[in-house]
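The sequence shown begins at 59 in the numbering used here and counts up by one.
C-beta atoms are modelled at their ideal positions from N, C-alpha and C, and glycine is treated no differently.
Note sheet for the following structure.
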Amino acid sequence: MSAHFAAQPVMKGAVPSTNVLGRSLFEQGDGARGIPACSACHGADGKGRVAGGLAYPAIGGQHRFYLRGQLQDWRSDTRHNSPDGVMNHIARSLGDKDIEALADYLSGL
59 MSAHFAAQPV
69 MKGAVPSTNV
79 LGRSLFEQGD
89 GARGIPACSA
99 CHGADGKGRV
109 AGGLAYPAIG
119 GQHRFYLRGQ
129 LQDWRSDTRH
139 NSPDGVMNHI
149 ARSLGDKDIE
159 ALADYLSGL
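Structure (structure tokens):
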């Protein structure tokens with residue numbers, strides 16, 4: 059059974075260039091709402107990086123539903139494994155539309 063699922067094509071999100079909101083939040087953030095650019099920590103390609111003794115995981119190319127769920131869990135404080143709660147703080151500033159746009163954009167990277 060696992061061979062069957064492993065052979066399935068990856069579900070990709072929207073073509074990144076067509077998702078204006080997702081791209082903007084990923085590349086620039088939203089300073090007015092205190093949302094830093096995702097790329098500042100997770101890398102310009104979203105493939106993750108290590109900086110300052112911390113490992114920032116790959117978020118580009120992840121499944122859209124997984125990304126959405128993680129952002130929702132940080133926003134609701136269901137998930138707590140972000141250093142100093144930084145992802146919880148960021149996610150609380152994201153609306154549903156922002157989360158959908160980010161999940162769709164990131165899954166397309």
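My understanding is that G106 touches A116, with C-beta atoms under 8 angstroms, so please give their C-beta distance in whole angstroms.
-> Residue numbering aside, residue 106 sits at position 48 when the sequence shown is read from its first letter. Residue numbering aside, residue 116 sits at position 58 when the sequence shown is read from its first letter. For a cut-off of 8 angstroms, the C-beta gap from G106 to A116 is around 4 angstroms, short enough to register as a contact.
In chain order, each beta strand (DSSP E) run of at least 3 residues that lies wholly inside the segment 82 to 145 | 107 to 109, 112 to 114
Three-state secondary structure (DSSP) at L152?
-> Translated into positions along the sequence shown, residue 152 becomes position 94. It is coil, neither helix nor strand.
Using 10 angstroms around the beta-carbon of G153, count the other beta-carbons present and answer buried if the total reaches 16, otherwise exposed.
-> Taking the sequence shown and counting its residues from 1, the one referred to as residue 153 is at position 95. So G153 ends up on the exposed side.
Contacts around G101, its chain only, beta-carbon distance under 6 angstroms, and the 5 residues preceding and following it disregarded = Your numbering for residue 101 matches position 43 in the sequence shown. Taken in chain order, the residues that qualify are R107.
What separation, rounded to the nearest whole angstrom, lies between the Cα atoms of D156 and A61?
-> Counted from its first residue, the sequence shown places residue 156 at position 98. Counted from its first residue, the sequence shown places residue 61 at position 3. Between D156 and A61, the C-alpha separation is close to 35 angstroms.
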